[in-house]
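This report refers to the structure that appears directly beneath it.
In the UniProt record's numbering, the protein residues as written are 1 to 312.
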């Protein structure tokens, strides 16, 4: 199929993807149009608790002024004007729960808080993670994620997910660890970044993240033609999400530490996962049902695993 398009056509539409370059008149016109939309999306940070519920309603009705952003979970985009001594603008993706007075909404609200906590744990342990904020307003939980592919009002940074590399690598069915090792073998990824991916893969497994697909990990290009791992995002215990019909389904976490994970990092990842579930149990924003029915049980299973690992 790509052979049916000449270079002029490809370049005219290339800025529809996440890229920092602009090629040709059509791409430049689209960029100028996007700048105008940015001003429409500008929100002072003190107004988020009012504006986000309104934007969520518009997004649910298909009328969002910002991008609806891809993925399973409902979300919208915005540009936040931060208050403070220096003017600061940040592009954000905002995920939101259904109304939390429903079982489905309460569960998604708990999971969004979990995502915030899971990323905070990584950041505390010197692993670059997306910056997030939580806002509870309008009967919903909002998770605001600062975009690392945008700078200021108009700037862009390059990024590509593992999904973008699947065509070249032919590793769609492989986990993050295996893909990172192949990139390292090809000379595209540093040993440090490979180790970080191994840690993320194992940490995600230990906290019950069953959604570690190739679209949930991203790289940038370096000037020497290699790749560099970008901030972690979408890290949460998706095992406990409602099913496709919005029903709460009881699920047990079963440790599955197969050969494709790098268990040399088990002790470090266990400690981070323990921090995460402890933070969940101590967070007043998370429901008692989630703490007692999920967090306690998961933590006990994980701690039993660690005892076996350290005695081996």
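We put the CB at the ideal spot given by N, CA and C, even for glycine.
With respect to residue 178, residue 218 sits apart: the two C-beta atoms are not nearer than 8 Å.
Residue 95 is positioned such that its CB atom lies closer than 8 Å to that of residue 143. Between the region 232-246 and the region 258-271, the count of Cβ pairs shorter than 8 Å is below three; the stretches do not touch. Our two residues, residue 180 and residue 216, have alpha carbons roughly 13 Å apart in a direct line.
Between residue 229 and residue 196 a beta carbon distance of about 6 Å is seen, short of the 8 Å cut, so the two are scored as contacting.
In the three-state scheme derived from DSSP, where H, G and I count as helix and E and B as strand, residue 102 is classed as coil. Judged by DSSP secondary structure, residue 44 falls within the beta strand (DSSP E) whose first and last residues are 42-44.
In this structure, residue 117 sits away from residue 234, with a CB-CB distance that is not shorter than 8 Å. For residue 75, the three-state secondary structure derived from DSSP is strand. Less than 8 Å separates the beta-carbon of residue 147 from that of residue 93. Inclusion of residue 57 and residue 236 in the CB contact set at 8 Å is not warranted, their separation being larger than that value. With 16 or more neighbouring CB atoms inside 10 Å of its own CB, residue 189 falls in the buried class. Around the Cβ of residue 150, a 10 Å sphere holds 16 or more other Cβ atoms; the residue is buried. Residue 222 counts as exposed, since fewer than 16 other C-beta atoms from the protein chains shown sit within 10 angstroms of its C-beta. About 14 Å separates the beta carbon of residue 205 from that of residue 122, a gap too long to meet the 8 Å contact definition.
Excluding sequence positions up to five before and after residue 49, its CB lies within less than 7 Å of the CB of 135 and 137, all in the same chain and listed in chain order.
Looking from the CA of residue 102, the closest CA among 139, 130, 84 and 133 belongs to 139. Counting C-beta atoms within 10 angstroms of its own C-beta, residue 280 has 16 or more neighbours from the protein chains shown and is therefore classed as buried. Ranking 128, 108 and 83 by CA distance to the CA of residue 45 puts 83 first. Boundaries of the alpha helix (DSSP H) harbouring residue 180: 176-185, taken from the DSSP string.
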